[in-house]
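*Asks:* Before we start, here is the structure in question, set down as structure tokens.
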Amino acid sequence: MNITLQEIAGLTGGEIKGNAGLTVSGISDLKGAKETDVSFILSTKFLKNAQECPAKVIISDTLDSIEGKTVIKVKNAKAAYAKVISVFYPARKAESYISPHASISPGSKIGRDVFIDDFAAIKNGCVISDGAYIGAGVVISEDCSIGALTQINPNVTIYLGTRIGSNCIIHSGTVIGADGFGFVEDEGGLLKVPQVGRVIIGNNVEIGANCCVDRASFGATLIGNNVKIDNLVHIAHNVEIGEGTIIIAQTGISGSTKLGKYCVIGGQVGIVDHVTIGDGAKIGSQSGIPSDVEPGAMLTGTPARPVIKMRKAEVYMMKLEDLFKRVKVLEADKKS
Amino acid sequence: MNITLQEIAGLTGGEIKGNAGLTVSGISDLKGAKETDVSFILSTKFLKNAQECPAKVIISDTLDSIEGKTVIKVKNAKAAYAKVISVFYPARKAESYISPHASISPGSKIGRDVFIDDFAAIKNGCVISDGAYIGAGVVISEDCSIGALTQINPNVTIYLGTRIGSNCIIHSGTVIGADGFGFVEDEGGLLKVPQVGRVIIGNNVEIGANCCVDRASFGATLIGNNVKIDNLVHIAHNVEIGEGTIIIAQTGISGSTKLGKYCVIGGQVGIVDHVTIGDGAKIGSQSGIPSDVEPGAMLTGTPARPVIKMRKAEVYMMKLEDLFKRVKVLEADKKS
Amino acid sequence: MNITLQEIAGLTGGEIKGNAGLTVSGISDLKGAKETDVSFILSTKFLKNAQECPAKVIISDTLDSIEGKTVIKVKNAKAAYAKVISVFYPARKAESYISPHASISPGSKIGRDVFIDDFAAIKNGCVISDGAYIGAGVVISEDCSIGALTQINPNVTIYLGTRIGSNCIIHSGTVIGADGFGFVEDEGGLLKVPQVGRVIIGNNVEIGANCCVDRASFGATLIGNNVKIDNLVHIAHNVEIGEGTIIIAQTGISGSTKLGKYCVIGGQVGIVDHVTIGDGAKIGSQSGIPSDVEPGAMLTGTPARPVIKMRKAEVYMMKLEDLFKRVKVLEADKKS
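Protein chains in written order, with numbering that gives the first Met the number 0: chain A, 0 to 335; chain B, 0 to 335; chain C, 0 to 335.
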């Protein structure tokens, strides 16, 4: 497939600086690009790589010219190349296919142009909306609904009563709606608190591989629209996550905690139960959050502190040996 | 289903304070309760929520009266509501069903009232006891045994030789009995140490979703009775976990470590290999445990210290900038 | 099966110290060994256990004699017992079996002596090489290749285009080739960056249970030969891992980071994106790596520092209360 630079400029809102007559037949990063590819530069520190890359056309949001290249100047190079990738690798089309090896309850409702792959099990009372993709080995328990064009990748497990919106992507191995972790000491033993709520996931949500989103004890664990969750993340019962929040890999959010909108939670973060994280908060990787966080706060560390304070404290901590010596000298001087 | 308050009082050992003639038709938390529900208050700080909640009947272990409500006064409100939930949401009944889409070895022994769902694979030599539930897509390898009334949820994988007791719940995606991580350097390369032990799990154990419990190198990895494990927990080979111990999400226990009885291990904790954690120890979330822990100890941090000491040290750490300045002043004074 | 001590000595390059006429019929650790087993002692601190163990034959790399035992003296006891285990528990033989319950695309190419178990789904364009084992419930998407004698355990999911070498072991629940986590802010919303690369895994690689290895955005995420990865590890898009590197459980490696050869990365470590870890580096458990690491470095902590410095800083940190008091005394003295 050959694409003209006019098409790319149109798609990305870019301006062609150089040979507007070229066409490209693929897209790649600077490392892998061929002569006929369009590539892109995300920081001027990669200028040399761009010059040495065989691609004749480079997308940039900072440079007007690169020696020997035609530049497509855009506002946001990363957004521009994401759009151009979609031209060369178009999204899966809704397709009507139901594997003879799937097990679909006659009490479920399957929309149009749905793809259901081998060994998928869809139980009674489920609604699978138009254009949804259900991968091989997926298990969807009773009374769940899957929105239009949503992709449930192979070997995902969805417990009963779960609601998933449209245009979502759930990656393999993820478990939605398992019991929240609720036990109570009773006469010396541990009594299970039955978890009778559900999970409700909005639209345009992506959840990575091998994540766990637990069902609520009562009511619902809520994942808002446009939330993006990386791999191996744990979301406990009754957590609520606001629109557009991003959670990086291996983070754990404890029960009943509320995350605001447009937060960015780093990897391997732990957040205690029953706290509120304000809109737009940014939490550094590996942080431990013991209490409420103000909107827009930038925290890091365990227990988490404002980033600038924590960075300073870390530096002072490494100078403690010296400080102890200096105090010893002062004490010795005093005695003498 | 309508339940009288006498029935609830009987079930929970509670006392009715108010209109003993009421009936309730459901149970919910304060946030979601309807007028005809029984609800519950777990702390007096939620008193306002209880007053505003439409439910006419509230379970409490601290309050004798709430304006406009009938109170059921109990010893332990959480235990009481756990019991009442079970009335409205009774546990799964043992049910005799074997999916025509399951693959069950003729060399396995299947008890009475067993439920085996679609695409479950049960291999030669397995024993599935009375009333067990085997979810869709579960794989149970050769020579395993599953106890009575135990639930193995969809897409769980159980490696050969595993023993699981009765009344257990294993959540989806969990892997029991994969090889322990054992390699030895030999002439410059890494030689795999074959892992020829197994996993033995007691009774009344619950294991969350996407956990890993590795088989022993020799002998057995042991999970005691009444142990409760949250999601995404890693239990390495030859670990032993004592009765009634609780492990929160994303914690990892390294090889051959022994946890005592009734310990509480927070989330995202790491414990090194070959150490012993005494009975009743409590380990704070995100702690790193480098050595043996005394029975009843309360530790936190990396490396873990007694909670009170660690909390103080964290506070002092954030005042270091000030301390460095004060020492500088003292030094300057000395010179002058 | 009875094995002579001459056979064990031959296999392990060991020397028999004692009764060379004995035979053994099994192998176990000191704790579980029977009289007719060969056992092994890995440290002289277990001497008493060895003496009390019923096994008549003990492998050691430090002791020439143990009272009442015949010792097989070797260079490396752990390597020796790994070899002897393989005699009593021989590795799985390649076996020709294709379950009637598997779904195999006619457009895939299946080698000789391949084992494909129940409910495995193998899609169009895949190549499954000679002697490979594909467990129950495994899903292998389009255009993947699996090398000779490689074991893909039950319920593993492999996304399209993945290449896995020979003699690998992938444990259950692991997901290879899910989308890397790539989003870009565009006009206020989050735009998904399509992930169009793949995962390439070398030979003799072992990957534990419930891991995630994401596909590259462009090009390939690369796992070198002889890499050994424990459970619940997250490998992000475009990561490259050098030959012979070991990664312990629950560690996360962020996008485009390069690990050198023969590194040892502890458990629950986090490494940021776009950094380079030099050959032979050793990173302590729970460390956070914010930047490049020199070859051979030994680091620990968050942010990681040389091990010796960090251990000292941790000790000083716990003495801060005392230091604050001492400085206060100095200040008081000055005033008086």
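All residues carry an ideal CB built from backbone N, CA and C; glycine is no exception.
If the criterion is Cβ atoms closer than 8 angstroms, does the pair Lys16/B and Asp63/B meet it?
*Replies:* Sequence index remark: in the second sequence, residue 16/B carries index 17 (1-based). Sequence index remark: in the second sequence, residue 63/B carries index 64 (1-based). A contact, by the Cβ cut-off of 8 angstroms.
*Asks:* Would you list, in chain order, the members of the stretch 298–310 of chain C that have their beta-carbon closer than 7 angstroms to a beta-carbon of chain A?
*Replies:* From the stretch 298–310 of chain C, only Thr301, Pro302, Arg304, Lys308 have a Cβ closer than 7 angstroms to chain A.
*Asks:* Please report how far the alpha carbon of Asn152/A lies from the alpha carbon of Asn166/A, in whole angstroms.
*Replies:* On the first sequence, residue 152/A is found 153 positions in, with the first residue counted as 1. On the first sequence, residue 166/A is found 167 positions in, with the first residue counted as 1. Roughly 13 angstroms between the two C-alpha positions.
*Asks:* The stretch 239–263 of chain A: which residues have C-beta closer than 8 angstroms to a C-beta of chain C, in chain order?
*Replies:* Of all residues in the stretch 239–263 of chain A, Gly243, Ile245, Ile247, Ala248, Gln249 have a Cβ within less than 8 angstroms of some Cβ in chain C.
*Asks:* Please list, in chain order, the chain B residues whose beta carbon lies closer than 7 angstroms to that of Met316/C.
*Replies:* Taking the first residue of the third sequence as 1, we reach residue 316/C at position 317. The answer, in chain order, is Ala312, Met316.
*Asks:* Pick helix, strand or coil for Asp321/C, following the three-state DSSP scheme.
*Replies:* Indexing the third sequence from 1 puts residue 321/C at position 322. Looking at Asp321/C - three-state DSSP - the assignment turns out to be helix.
*Asks:* Please confirm if the stretch 319–326 of chain B is in contact with the stretch 314–323 of chain A, defined as three or more CB-CB distances below 8 angstroms between the two stretches.
*Replies:* The answer is yes - the stretch 314–323 of chain A touches the stretch 319–326 of chain B, with three or more Cβ pairs under 8 angstroms.
*Asks:* Within the same chain, show all residues whose beta-carbon is closer than 6 angstroms to that of Glu239/B, passing over the 5 residues directly before and after it, in chain order.
*Replies:* Here residue 239/B refers to the residue found at position 240 of the second sequence. Leu221, Lys257.
*Asks:* Are the stretch 97–111 of chain A and the stretch 34–41 of chain A touching by the rule of at least three beta carbon pairs closer than 8 angstroms?
*Replies:* No: fewer than three Cβ pairs fall under 8 angstroms.
*Asks:* At a Cβ cut of 7 angstroms, what residues of the stretch 89–114 of chain B count as close to chain A, listed as they run along the chain?
*Replies:* The residues in question are His100.
*Asks:* Straight-line CA distance for Ala147/C to Tyr158/C?
*Replies:* In the third sequence, counting from the first residue as 1, residue 147/C sits at position 148. In the third sequence, counting from the first residue as 1, residue 158/C sits at position 159. Ala147/C and Tyr158/C: Cα-Cα distance of roughly 19 angstroms.
*Asks:* Any heavy atom of the ligand GDP inside 7 angstroms of the beta-carbon of Ile200/A?
*Replies:* This structure lacks the ligand GDP, and indeed carries no ligand of any kind.
*Asks:* Give me the chain C residues within the contact set of Leu329/B, using Cβ-Cβ distance strictly less than 8 angstroms, ordered along the chain.
*Replies:* As a first step, residue 329/B is located in the second sequence; it is residue number 330 there, counting from the start. Neighbours of Leu329/B on chain C, chain order: Val326, Leu329, Glu330, Lys333.
*Asks:* Would a check of beta-carbon distances place Ile40/A closer than 8 angstroms to chain C?
*Replies:* Numbered from 1 along the first sequence, position 41 holds the residue referred to as residue 40/A. No - not a single Cβ of chain C is within 8 angstroms of the one on Ile40/A.
*Asks:* Please state whether the Cβ-Cβ distance between Gly269/A and Ser59/B is less than 8 angstroms.
*Replies:* Stepping through the first sequence from its first residue, residue 269/A is reached at position 270. Stepping through the second sequence from its first residue, residue 59/B is reached at position 60. Contact flag unset, no.
*Asks:* Shortest alpha-carbon distance to Glu186/B belongs to which of Ile2/C, Ile228/C, Gln5/C, Thr11/C?
*Replies:* Taking the second sequence and counting its residues from 1, the one referred to as residue 186/B is at position 187. Glu186/B has its Cα closest to that of Thr11/C, out of Ile2/C, Ile228/C, Gln5/C, Thr11/C.
*Asks:* Can you list the residues of chain A that Gly187/B reaches, using a CB-CB cut of under 8 angstroms?
*Replies:* For the purposes of this step, residue 187/B is taken as the residue at position 188 of the second sequence. Ordered by position in chain A, no residue passes the 8 angstroms Cβ test against Gly187/B, which lies about 31 angstroms from the chain.
*Asks:* For the stretch 192–209 of chain B, list every residue whose C-beta sits within 7 angstroms of some C-beta in chain C, in sequence order.
*Replies:* Answer set for the stretch 192–209 of chain B: Val192, Pro193, Val195, Asn209.
*Asks:* Relative to the alpha-carbon of Gly13/C, which residue among Ala90/C, Asn1/C, Asn209/C, Lys74/C has its alpha-carbon at the smallest distance?
*Replies:* Within the third sequence, the letter at position 14 stands for residue 13/C. For the residues Ala90/C, Asn1/C, Asn209/C, Lys74/C, the minimum Cα distance to Gly13/C belongs to Lys74/C.
*Asks:* Considering only the beta carbon of each residue, do Ile139/A and Thr149/A sit closer than 8 angstroms?
*Replies:* For the purposes of this step, residue 139/A is taken as the residue at position 140 of the first sequence. For the purposes of this step, residue 149/A is taken as the residue at position 150 of the first sequence. The answer is no: Cβ separation not under 8 angstroms.
*Asks:* Assign Ile307/C to one of two classes, buried (16 or more other C-beta atoms within 10 Å of its C-beta) or exposed (fewer than that).
*Replies:* For the purposes of this step, residue 307/C is taken as the residue at position 308 of the third sequence. Classification for Ile307/C: exposed.
*Asks:* Cα separation between Leu298/B and Pro193/B?
*Replies:* On the second sequence, residue 298/B is found 299 positions in, with the first residue counted as 1. On the second sequence, residue 193/B is found 194 positions in, with the first residue counted as 1. Leu298/B and Pro193/B: Cα-Cα distance of roughly 35 angstroms.
*Asks:* Looking at the strands, I want to know which residues DSSP matches up with Gln267/B.
*Replies:* Indexing the second sequence from 1 puts residue 267/B at position 268. In the DSSP output, where bridge partners are listed per residue, Gln267/B has none listed.
*Asks:* Between Asp129/B, Gly188/B, Thr301/B, Asp117/B, which lies nearest to Gly136/A when the distance is taken from Cα to Cα?
*Replies:* Residue numbering aside, residue 136/A sits at position 137 when the first sequence is read from its first letter. Nearest option by C-alpha distance: Asp117/B.
*Asks:* Using a Cβ cut-off of 8 angstroms (strictly closer), state whether Gly218/C contacts chain A.
*Replies:* Start at 1 with the first residue of the third sequence, and residue 218/C comes out as number 219. Interface residue, yes.
*Asks:* Distance, Cα to Cα, Lys55/B vs Phe87/B?
*Replies:* Taking the first residue of the second sequence as position 1, residue 55/B is located at position 56. Taking the first residue of the second sequence as position 1, residue 87/B is located at position 88. C-alpha separation (whole angstroms): 17 angstroms.
*Asks:* Can you give me the Cβ contacts of Gln249/A inside the same chain, cut-off strictly under 6 angstroms, excluding the 5 residues immediately before and after it?
*Replies:* One-based indexing of the first sequence puts residue 249/A at position 250. Closer than 6 angstroms at the Cβ level, and outside the excluded window around Gln249/A, lie Leu231, Gly266, Gln267.
*Asks:* Would Glu6/A count as contacting chain C if we go by Cβ distances under 8 angstroms?
*Replies:* Stepping through the first sequence from its first residue, residue 6/A is reached at position 7. No, because no Cβ of chain C sits closer than 8 angstroms to the Cβ of Glu6/A.
*Asks:* Assign Arg91/A to buried or exposed, taking buried as 16 or more other Cβ atoms, counted over all protein chains shown, within 10 Å of its Cβ.
*Replies:* Here residue 91/A refers to the residue found at position 92 of the first sequence. Label assigned to Arg91/A: exposed.
*Asks:* Is the Cβ of Asp28/C closer than 8 angstroms to any Cβ of chain A?
*Replies:* Stepping through the third sequence from its first residue, residue 28/C is reached at position 29. No - not a single Cβ of chain A is within 8 angstroms of the one on Asp28/C.
*Asks:* For Ile252/B, tell me which candidate among Asp291/B, Gly218/B, Phe217/B, Ile7/B has the shortest Cα-Cα distance.
*Replies:* For the purposes of this step, residue 252/B is taken as the residue at position 253 of the second sequence. Among Asp291/B, Gly218/B, Phe217/B, Ile7/B, the Cα nearest to that of Ile252/B is on Asp291/B.
*Asks:* Name the chain C residues whose beta carbon is nearer than 9 angstroms to that of Asn225/A?
*Replies:* Taking the first sequence and counting its residues from 1, one reaches residue 225/A at position 226. Result: Gly188, Leu189.
*Asks:* For chain A, is any of its Cβ atoms less than 8 angstroms away from the one on Lys77/B?
*Replies:* The residue labelled residue 77/B in the question sits at position 78 within the second sequence. By this cut-off, Lys77/B is an interface position.
*Asks:* Determine the direct distance from the alpha carbon of Pro289/A to that of Ile337/B, and round the result to whole angstroms.
*Replies:* Absent from the structure is residue 337/B, since the part of chain B shown begins at 0 and ends at 335.
*Asks:* Could you check whether the Cβ of His233/A sits closer than 8 angstroms to any Cβ belonging to chain B?
*Replies:* For the purposes of this step, residue 233/A is taken as residue 234 along the first sequence, with counting starting at 1. Taking Cβ atoms only, chain B reaches closer than 8 angstroms to His233/A, which makes this a yes.
*Asks:* How would you list, in chain order, the residues of chain A whose beta-carbon sits under 8 angstroms from the beta-carbon of Phe323/C?
*Replies:* What you label residue 323/C is simply residue 324 of the third sequence in a count that begins at 1. None at all; the shortest Cβ gap to chain A is about 10 angstroms.
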